Amino acid sequence: MQINLSGHHVEVTTSLRDYVNTKFAKLERHFDNINNVYVVLTVEKLNQTAEATIHLNGGEVHASSQHGDMYAAIDTLVDKLDRQVLKHKGKMTHH
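Plus 387 on top of the position in the sequence shown (first one is 1) and you've got the numbering used here.
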């Protein structure tokens, strides 16, 4: 799984990059057909936004999350994506 991580008004530090990689590894355990992931971290005033688009075999999944803390935003983002990936996987196995 290839993760493309970029920051908008935020420096993508090594710790942020490691955190994103660790969190997204959880998604890969649930669904191994993830081709690539585009993650954008944005800071606007007090809002920290994490959003991602995952390209899967058979489609793509997109989610975003806002929080006062970037790590919390990433946590929520991964939870949302996890639910969507599992739903996508469910559709794939029933067809």
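Ideal Cβ positions, reconstructed from N, Cα and C, are used throughout, including at glycine. Please read these numbers as outputs of a predicted model, since none were measured by experiment.
Between which two residues does the beta strand (DSSP E) carrying residue i extend?
{"i": "K396", "result": "Looking at the sequence itself, residue 396 is His, so the reference to Lys does not match. Where H396 is concerned, there is no enclosing beta strand (DSSP E), given that its DSSP letter is neither H nor E."}
{"i": "N422", "result": "I421 to E431"}
Any beta carbon of chain D sitting closer than 8 Å to that of residue i?
{"i": "K478", "result": "Of the chains in the structure shown, none is chain D; there is only one protein chain."}
Given this structure, state the Cα-to-Cα distance separating residue i from residue j, to the nearest angstrom.
{"i": "I421", "j": "V465", "result": "14 Å"}
{"i": "F418", "j": "H396", "result": "31 Å"}
{"i": "L443", "j": "K410", "result": "17 Å"}
{"i": "Q435", "j": "N408", "result": "18 Å"}
Return yes when the Cβ of residue j is within less than 8 Å of the Cβ of residue i, no when it is not.
{"i": "E415", "j": "M388", "result": "yes"}
{"i": "G394", "j": "L428", "result": "yes"}
Between which residues of its own chain and residue i is the CB-CB distance below 8 Å, once the five residues before and five after are set aside?
{"i": "V448", "result": "T440, I441, L468, Q471, V472 and H475"}
{"i": "V399", "result": "L392, S393 and L428"}
{"i": "Y406", "result": "Y458 and I461"}
Per DSSP, what are the beta-bridge partners of residue i in this structure?
{"i": "A437", "result": "L428 and S452"}
{"i": "E415", "result": "Per DSSP, none; premise fails for E415."}
With a threshold of 6 Å on Cβ separation, who are the neighbours of residue i within its own chain once the five nearest residues in sequence on each side are excluded?
{"i": "E438", "result": "V427 and S451"}
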